[in-house]
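Okay, structure first, notes after.
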Amino acid sequence: MGPRDADPTLATLIEYGHGAEAFQETHFTSLTDGEDYQPRHPLLWLNLHGLANIDLLKVVGRRFGLHPLVLEDILNTEQRPKVEVFNGYVFICLRLVSVNEQGEICSEHVSIVLGRNYVLTFQEQPSGTFNQIREGLKSSQSQLRRFGSDYLVYTLLDKLVDRYFLVLEALSERCEDLDDAISSGPNPAQLQEIQALRRTMQYVKRGLWPLREVMNTLQRDEADFFRDETQLYLRDVYDHVVQMIESGEALRDLVNSLQDNYMSLQSNRMNIEMRRLTVLTTIFMPLTLIAGIYGMNFEVMPELHWRWGYFAVLGGMAVIGLSLTLYFRAKRWF
Amino acid sequence: MGPRDADPTLATLIEYGHGAEAFQETHFTSLTDGEDYQPRHPLLWLNLHGLANIDLLKVVGRRFGLHPLVLEDILNTEQRPKVEVFNGYVFICLRLVSVNEQGEICSEHVSIVLGRNYVLTFQEQPSGTFNQIREGLKSSQSQLRRFGSDYLVYTLLDKLVDRYFLVLEALSERCEDLDDAISSGPNPAQLQEIQALRRTMQYVKRGLWPLREVMNTLQRDEADFFRDETQLYLRDVYDHVVQMIESGEALRDLVNSLQDNYMSLQSNRMNIEMRRLTVLTTIFMPLTLIAGIYGMNFEVMPELHWRWGYFAVLGGMAVIGLSLTLYFRAKRWF
Amino acid sequence: MGPRDADPTLATLIEYGHGAEAFQETHFTSLTDGEDYQPRHPLLWLNLHGLANIDLLKVVGRRFGLHPLVLEDILNTEQRPKVEVFNGYVFICLRLVSVNEQGEICSEHVSIVLGRNYVLTFQEQPSGTFNQIREGLKSSQSQLRRFGSDYLVYTLLDKLVDRYFLVLEALSERCEDLDDAISSGPNPAQLQEIQALRRTMQYVKRGLWPLREVMNTLQRDEADFFRDETQLYLRDVYDHVVQMIESGEALRDLVNSLQDNYMSLQSNRMNIEMRRLTVLTTIFMPLTLIAGIYGMNFEVMPELHWRWGYFAVLGGMAVIGLSLTLYFRAKRWF
Amino acid sequence: MGPRDADPTLATLIEYGHGAEAFQETHFTSLTDGEDYQPRHPLLWLNLHGLANIDLLKVVGRRFGLHPLVLEDILNTEQRPKVEVFNGYVFICLRLVSVNEQGEICSEHVSIVLGRNYVLTFQEQPSGTFNQIREGLKSSQSQLRRFGSDYLVYTLLDKLVDRYFLVLEALSERCEDLDDAISSGPNPAQLQEIQALRRTMQYVKRGLWPLREVMNTLQRDEADFFRDETQLYLRDVYDHVVQMIESGEALRDLVNSLQDNYMSLQSNRMNIEMRRLTVLTTIFMPLTLIAGIYGMNFEVMPELHWRWGYFAVLGGMAVIGLSLTLYFRAKRWF
Amino acid sequence: MGPRDADPTLATLIEYGHGAEAFQETHFTSLTDGEDYQPRHPLLWLNLHGLANIDLLKVVGRRFGLHPLVLEDILNTEQRPKVEVFNGYVFICLRLVSVNEQGEICSEHVSIVLGRNYVLTFQEQPSGTFNQIREGLKSSQSQLRRFGSDYLVYTLLDKLVDRYFLVLEALSERCEDLDDAISSGPNPAQLQEIQALRRTMQYVKRGLWPLREVMNTLQRDEADFFRDETQLYLRDVYDHVVQMIESGEALRDLVNSLQDNYMSLQSNRMNIEMRRLTVLTTIFMPLTLIAGIYGMNFEVMPELHWRWGYFAVLGGMAVIGLSLTLYFRAKRWF
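Residue numbers (our numbering), protein chains in the order written: chain A, 472 to 805; chain B, 472 to 805; chain C, 472 to 805; chain D, 472 to 805; chain E, 472 to 805.
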C-alpha cells in the first residue's frame, strides 16, 4: 500500500483539438505551475510518472474532482484491475506487464481516468510505453486527433493489453524448453522450474483475468463515456483479452502436464535402474555359487583332480555369463 | 499477424439469381478489373484465396464498406472464431481444420462476410473446400439458388463444421491405438505421444469451442440477417457443434486416463521386476551359504571326509534350488 | 450417418379414440397401401421399425409435413438426444439403452414426433420395448385412451428413461465387483476393466446427460403441445433424469477412486516385496560373511583347530539366523 | 420402489386450533374409522408410520385429493429430495439421516404434504423424531399453536435438517481418526476405510445437496403457502443447509487429501526400506570381499603367514564395519 | 451453539451527532441501568463484549425490536457470515480472524445490526479491534461524525475485512517456508504441515468466501440502509474481498502443488538410492567373484603357483574397482 519507489514525479500535459495546429505539450516540475495553468485546447491528457509525490496527486485530485477512494486506488500498487464509474468520470485500474532483459516477468500498476474531455494516466515508473501514442497525437492526420478522449483511452488499453501477448509467448517458450529438457532427462531442478512457472502463471493471471470483466464493464458503458464508433474498438480489445485468457488456460494445462510427465519419466528411470540391478544379480549370482562350490573342502571331489577341470569351470562360467548377457541384450533389458 | 504465405491472390466472383440462366462466374486477376465491374445478377459471392495482396483486400473493403477492424481480423491468421454484427453486414471468423496425408492436424483461418445480398469469403490458401458448393450453385434446381445469401452462408458453415467430425475421429483413433500400445507395454515414447495428443486436442479445442458461441450469436440473429427458414438449418449446425464439443470433452478425459494407465502399468512392471529380484536372491543366497560353509577350513568337519559328502551336498543344493523354483512358479511369481 | 442395419421396414398404425370400440391396429407392408389409407379414429400412433427403407420415410415425411432436417436426424443413428419444436409438431431424439445377455451395454436411436393428434415413432430395430404400451392402448379403461397424444408421448419417454435405471444398476454392480477384486489383489487386467468401465460411463453419459435438457424444454413447452395435466407427469420424468444423472456422477467418482485404489495397493505390495528382500539380505549376509571368514587360509587361526569349532560356528549361524527370523516375525515384517 | 419393511401402519391424527383446549390426538387402527372421521379443530396433522399399508395410503390420498404421482413418490423410498407444488397443496420429499449405535449412517424416506390447513407426514418407520414437536403442540402457549400449518412444516424441516449436523460431525470425527492412524503408519485397511468414507459422503450428499434447491423453492413460495412471518424461519433453515453443504465439501476435500497422504507416506516408507537395504549391502559387501580374498589359494600370499594376520584382518573388518555403521547412524540413515 | 467463553458481559454505548460536542460514551454494568437509559444524541453505537449474559441480549433485543432468530444467530458462534434484511434493520454476521502470537490463525464471531440511526455490535471477547474507530468518533472533524450510522458500519466492515490480508500473508509465508524446506529435503513432518495448511485454508475460506455474497447483498441494498455516498465505500470493500478470495485460490493451488512436489522429490530420492545400490553391487560383485575363483581347490590352477599371482590379482581387483568407481563418478551416478 503506497508507492514502491520514489522517482521524482513528473507531470506531462498534452492539449489537443481537431485543428492542424491544435497540439501542445507542457512539462510541469512544480506544484504551483500546475495549479494556475489554464489549458488552451479542448482535449487534455495529463500523464504522471511515479507515485511518490502525494501532494501533486492531491492537487490533481482536487482539480479534476476525484473521489478520495480513487486516489487511494491510484497509490495502491497491489490493486486488482477494475473499472469504476463515478459521477463525471470513469476510473480504470490495470497492470502493465513486461518481460525484462533477464527474461523475468514484471508488472506495474497503471491507472487511467477518463472524463468528458480529459484523460489522466498514472504510472509507477517513467517507462516509455505511451511514447508512441504521444507521437501519434502530434500528427494532425491521426485518428487519435480526429476522435475524442474515449478513443485515446481505447489506444492506451489496446497498448497495455497487447503486452500480454508477448508475456504469454515468453511463458509458452519457457514451457516448451522445459518440456524438452524433462523428456531428455528429468532432474529436481526442473521441479523448481515448474514451480516457478506456476507462480508466474498465477502472477500473470491476476493481471489478465480481471481484464475480461473490465472490458465487459466498459463495453456495457452505462454512463455513455464511449461513442458507438469507439465501442467497436473496445469490442476488439475484449476479443483479444478472451483469446489471451484461453491461451493462459491452455498454458496452465501444459504446465500441469509437465509435472505428470516428470513423474512418469522418473518412474520409468526407476524401472530401468531396477532392471539393471536384476540383470547384474542374475549374471553374477550363479557364477559366484559355482566358484563357492569348487572352493569347498570335501575330500572326494573328483572334478578337482581332472587335468582340465579348472579351465573347464572357467570356460563354463564364461559361457554362462556371456549367454545371460546376450539373452538380456536381446530382450533389450540394458 | 499478417498472412502466413504469399500465394498470388485470386478473386472469384459468382453472381446468381432465381432464374434458370441467372448464374455467372468471373475470375479477377487485376485490381482495376474488379473496381469497375458491375454485377448483373442480384446475389453475389466473392471468394478470395490467399491474403498476401493487401491492396486487393483494401479495394474489396472499400467497395463493400467494411470496417478497418474487419480487414485487420481477416488478415490476422491467429484470430479466434467469432461473429460480429456491423451496420449492414455480419462478419464471421472460423478455423478450417483438416487432417493432412501425414495424419497431422492443421488449420486455416477463414473469414465470411454476409451482407444483405452478398457473401464474401476469405481463405488463407486455395483449398478446394468450397468447390462442391460452387458446383451446387450452378444447378438452377438446387436449394442454394432458391434461397438467398443467408442459406449460402449456412452451407459454408455446415461444410466447415463437418470437417471437425473427421478430425475428432482421427484423434479418437490415435487415442485408441495409443491405449493398446500402452497396455501391451509402456515406454517413454508413448509419454511423448500422450503429450502430443494433448497439444493437438488444445489446438482443436481453440477452433471448436468458440463455435458454440458463434452459432449461438447467429441463431439469436438480432439484426435479422437470416430468414426463419434458414434459422432451422443454423439450429442443426449448432447441434452438431454441441455434439462435437461433447466428443472433444470425452476424448480429453480419455487422454488423461491414458497417462494414469501408463503410470499404473509402469508401477506394475516395477513390482514384477522387484519380485524377480527377490526370487533370485531367495534361491541363490542359501546355496551360496552352503558352499561357503563347506569351504571353511576347520580341522574337524566330519562331512568333508564322507565318501558321498560332496555329492550329497550338490544334491541337497539341487533339491533346495529346484523346490524354491517350483514353489515360486506355483505362486506364479515369475 | 444412415441406418446401421437393413431389417425390412415395417410400419404399424394404431388409431384410437375415447370410445370403447375406438381402437384399430393396421400393419403396412407396401408403400402404396399407406399412401391411400384414411384413418377412422381421431388419434394416431404410427410406429416404424428399421430405418433402411428411405422411400417409406420420405412418404411419411411428406404425409405429415416433416422438415427435411427432421428426416435427416431420424436417419442419423449417432444423433445426440434433443428436442426441436417445428411449426405443428415437436421432434424428440433419444437413445434407448439396454444391457444385453453378455452384460454389455448397447444403445439404439429412437425418434418421436408429436403432432396435434398423432405420434410417430422411429426405431432402429424391432425391439419389443413399446409392446406393453400398445397393449395398454387396447384397454378402453386405460389412462392412455382417456388422455391425448401428449400422454402417449409421456408414456414412451417414461419407458425409455426408466431403462437407464437398469443400466446404471448394472454398472454399479460391475464397479463394486471390481473394487472387491482390486482390494483382494491388484493386477493389470483390472486396469483394462477400469478403462472399459470409464468408456461405458461416457457412452451412457452421452445418452443420459442431454435428457435433462430435453425434459426441460418439454416442460417449458412454449408451443403448448402438452396439457397441464400431462405436465405433472413430465415433471416426474424430469426428476428421474436428474436422479439418474446424480447416480451417474457418483458412479464416475467411484470409478476414479478405483484407479487411485489400484495405485495405492500396488505401492503397498511393492513395499512388502521390498521388505521381504531386505529381510532375506539381512539374514543371509552375516552368515555368508562368517562362512567366508572361516574359509580364509591364514596359518594362525586358532578356532580352526578347536575340536568343536565347526559345530560352534554352525550353531552360532543357526542362532543368528533364527533370532533374526524371529525378530522380523515379531515385527510382522513378512 | 416400494416399502422396505412391513411394520403395521399406524396413523396418528392431531387436531389443534388457537384456543387453550383446542387440541386432540386420535390414533387410527382401521381404515373405516378414518374414512368416517370428522375433525373438530381447524388445523390437522396426520402422521403415518410405515408404508406397507397401501390401501390406507390410497384412502388418505383420496380424502386429501393427492395426485397419483404423489402417492408413487411417497412409496418410492429411493426418491430424491424435492418439492412439488400441486393445486391446493405442496409436496415435500426428504431424507432423514441418523447415526445408529454402530456408528453407521443410515437414512429414511420422509414425505410431507402441506395443505391450506393440514399437514400430512409419511415415514418409513415409527422413529421418535417428531415426538418432541407433538409435545410442543400440546402446550397452548407454544408458537406452534399460535402460528398455522406452515409453521408446523417449518418445525419439521428444521428438525430433519438439524440431523445432518450430527451426521457431518460423526463423519468429521471418523475422518480425523483415520488421518491420525495413517500418519502413525499407513496400511491397506485404511484404504478400505477411505473408500468407505467416500461412499458414505456420497450417500449423505445425495440427501443433503438437493435440500438447497428444496429450501430455495419453498422460499420463493409462488403459490403462497407460507406466511411472511414463517418465511424468515425458512430463510434460517436455508442458511443451515448452505452451511452444511459447505462443511460437506470441506470434508470431501479432506477425504481426498487422506488418499494423497497415504500415498506420500507409503512412498516415504519405501524410501526408508530402500535405504536400509543399501546400508546393509554397503556394510557387508566389503567385508565379504576381504574374507574372499584371504580365502584364495595362491602359494605366495605373505599375509597368511604373518603371526597376527588373522587377527589383524578380523580387526580391520570390525573397524570397517563399525565405522560404516557409525557413519550411516550419523547421517541418520537408519 | 452458545457462547464459547463466559467473560462478564460489558455494554458500551456511544452517542454522537454532527455538533462538535455531540459525543458521549457510557459504560453499563447492570441490566436496569440500560433499560431506563434515554440517549441524548441522535446516533447510537452499542457495543457488547462477551455473549454469556443472555438476559442482557434479551433486553437489547426487546429494546431494538430484534427478531428471535437474530438473537439466536448472535449466540451461535459457528454461524456462517451472512446478511439478512429485517423490517427496520439489517443484520450482518461476520468472522473476525487474527494471527495469534504462536502464529496460529483463530477467528471470532462478530454480529452487526444496522438500524436507521443506531448500530449494535456483538463480539465474543473484548478484543481491542474497534478501539481505533471509537477514537475516530471522538474527533468532531472525522468523517465518521459527519456521515451517518451506515458509514460507521462501513468502517467496521473495512476493519474486519482488512484483517484477512494479514492472515493470508501469514499463510503465504508459511507456504513458502514449507516449499523451501521440501525442496531442500522432503520428510514426513512436512506432509503433516501441508495437511495443517490445508485445514487452515479451509478455515479461512469459510470466513472469507461468504463475504463476497455479504458485500454483494449490502451493495444491492434494496431496503436503502446505505446512502449513495457510502455505497462507493462498500464497493471498495467488495473489491478487497474479491482480491482476497483470488489470493486465497492462488494459495490453495500452491498448497496442492506442494504435495505434488513432495511426491516428485521423494521419487527422485528413491531413484538416487536405487542407483547407489546398483553402483555398489556393480563394483563389488565382480571382485567377489574373482576372489571366489581363486579360492577354488582345483589341483591344476597355474596362476596359484605364479610368484606374483596374488599381487597381480589384488592389483587387477584394484584396477577394476577403481575404474568402475571413476566411470560412475564421471556419469555423476553418485
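Note that beta-carbon positions come from the ideal geometry of N, C-alpha and C, so glycine has one too.
{"Check": "How big is the Cα-Cα spacing for C:L725 and C:L585?", "Outcome": "39 Å"}
{"Check": "Looking at the C-beta of C:E555, does it have a partner C-beta in chain B at a distance below 8 Å?", "Outcome": "yes"}
{"Check": "Which residue's Cα is closest to the Cα of C:I653: C:L542, C:L729, C:R740 and C:E595?", "Outcome": "C:L729"}
{"Check": "Any beta-carbon of chain E closer than 8 Å to the one on D:F697?", "Outcome": "no"}
{"Check": "When you compare only the Cα positions, how much space is there between C:W804 and D:G656?", "Outcome": "13 Å"}
{"Check": "So, does the stretch 540-552 of chain A touch the stretch 601-616 of chain A, judging by three or more C-beta pairs under 8 Å?", "Outcome": "no"}
{"Check": "Got a sec: is the Cβ-Cβ distance from B:Y704 to anything in chain C below 8 Å?", "Outcome": "yes"}
{"Check": "By Cβ distance below 7 Å, which residues in the same chain neighbour E:G536 in space, the five residues on each side in sequence not counted?", "Outcome": "G559"}
{"Check": "Find the residues of chain D that neighbour C:F421, judging by a C-beta separation of less than 7 Å, and give them in chain order.", "Outcome": "Given that chain C is displayed from residue 472 to residue 805, the structure contains no residue 421 of chain C and the question cannot be resolved."}
{"Check": "Mapping DSSP to helix, strand and coil, what is C:S553?", "Outcome": "Contrary to the premise, residue 553 of chain C reads as Lys rather than Ser in this sequence. Looking at C:K553 - three-state DSSP - the assignment turns out to be strand."}
{"Check": "If you count every other CB in all the chains shown that lies within 10 Å of the CB of B:C564, and 16 or more means buried, which is it?", "Outcome": "buried"}
{"Check": "Could you say which of B:G574, B:F697 and B:G719 lies nearest to B:F636 if we only look at CA atoms?", "Outcome": "B:G719"}
{"Check": "Beta strand (DSSP E) containing E:V750: first to last residue?", "Outcome": "Run containing E:V750: none in the beta strand (DSSP E); it sits in the alpha helix (DSSP H), D699 to I764."}
{"Check": "For the stretch 731-747 of chain B, list every residue whose C-beta sits within 8 Å of some C-beta in chain A, in sequence order.", "Outcome": "Y733, M734, Q737, S738, R740, M741, E744, M745 and R747"}
{"Check": "Name, please, each residue of chain B whose Cβ falls closer than 7 Å to the Cβ of A:L760.", "Outcome": "F755, L758, T759 and A762"}
{"Check": "Roughly how many angstroms lie between the CA atoms of B:G787 and B:I761, to the nearest whole one?", "Outcome": "9 Å"}
{"Check": "Would you please verify whether the beta carbon of D:F769 is less than 8 Å from any beta carbon of chain E?", "Outcome": "yes"}
{"Check": "Give the residues from the stretch 669-682 of chain C that approach chain B closer than 7 Å (Cβ to any Cβ), ordered along the chain.", "Outcome": "R669, Q673 and R677"}
{"Check": "Excluding sequence positions up to five away, which residues of its chain have a Cβ less than 6 Å from the Cβ of C:V581?", "Outcome": "L565, L567 and Q594"}
{"Check": "Could you have a look at A:H512 and say whether DSSP puts it in helix, strand or coil?", "Outcome": "coil"}
{"Check": "Pull up the DSSP beta-bridge partners for E:F499, would you.", "Outcome": "E:A482"}
{"Check": "Under three-state DSSP, which class holds C:G607?", "Outcome": "helix"}
{"Check": "Which residues bound the beta strand (DSSP E) around B:F562?", "Outcome": "Y560 to V570"}
{"Check": "Starting from B:F593, trace the beta strand (DSSP E) in both directions and tell me its first and last residue.", "Outcome": "Y589 to Q594"}
{"Check": "When you compare the stretch 737-756 of chain C with the stretch 675-687 of chain D, are there three or more beta-carbon pairs, one atom per stretch, that lie closer than 8 Å?", "Outcome": "no"}
{"Check": "Short check: CB of B:L785 to CB of B:T753, under 8 Å?", "Outcome": "no"}
{"Check": "Could you list which residues in chain A have their beta carbon closer than 9 Å to that of E:R612, in chain order?", "Outcome": "One detail in the question is off: residue 612 of chain E reads as Gln in this sequence, not Arg. Near E:Q612 there are no residues of chain A at all, since even the closest Cβ is about 15 Å away, more than 9 Å."}
{"Check": "Considering only DSSP beta bridges, list what E:G586 is partnered with.", "Outcome": "E:Y560"}
{"Check": "Whose C-beta lies closer than 8 Å to the C-beta of E:L649 among residues of the same chain, with five residues either side of it excluded?", "Outcome": "Q661, E664, I665, L668 and L729"}
{"Check": "Taking all protein chains shown into account, do 16 or more other C-beta atoms lie within 10 angstroms of the C-beta of A:P681, making it buried, or fewer, making it exposed?", "Outcome": "buried"}
{"Check": "Output the distance between the C-alpha atoms of D:V750 and E:S578, rounded to the nearest integer angstrom.", "Outcome": "49 Å"}
{"Check": "Find the nearest neighbour of C:R488 within the set C:H498, C:H512 and C:G505, judged by alpha-carbon distance.", "Outcome": "Note that residue 488 of chain C is Gly in the sequence shown, not Arg. Ranking C:H498, C:H512 and C:G505 by Cα distance to C:G488 puts C:H512 first."}
{"Check": "Pull up the DSSP beta-bridge partners for E:E579, would you.", "Outcome": "E:L567"}
{"Check": "Go to C:S654, then tell me how far its alpha helix (DSSP H) extends in each direction, as first and last residue.", "Outcome": "S620 to S654"}
{"Check": "List the residues of chain C whose Cβ lies closer than 7 Å to the Cβ of B:E714, in chain order.", "Outcome": "Just to set this straight, residue 714 of chain B is Gln in the shown sequence, not Glu. Here the neighbours are R551."}
{"Check": "Whole angstroms is fine: what's the gap from E:L608's alpha carbon to E:R691's?", "Outcome": "27 Å"}
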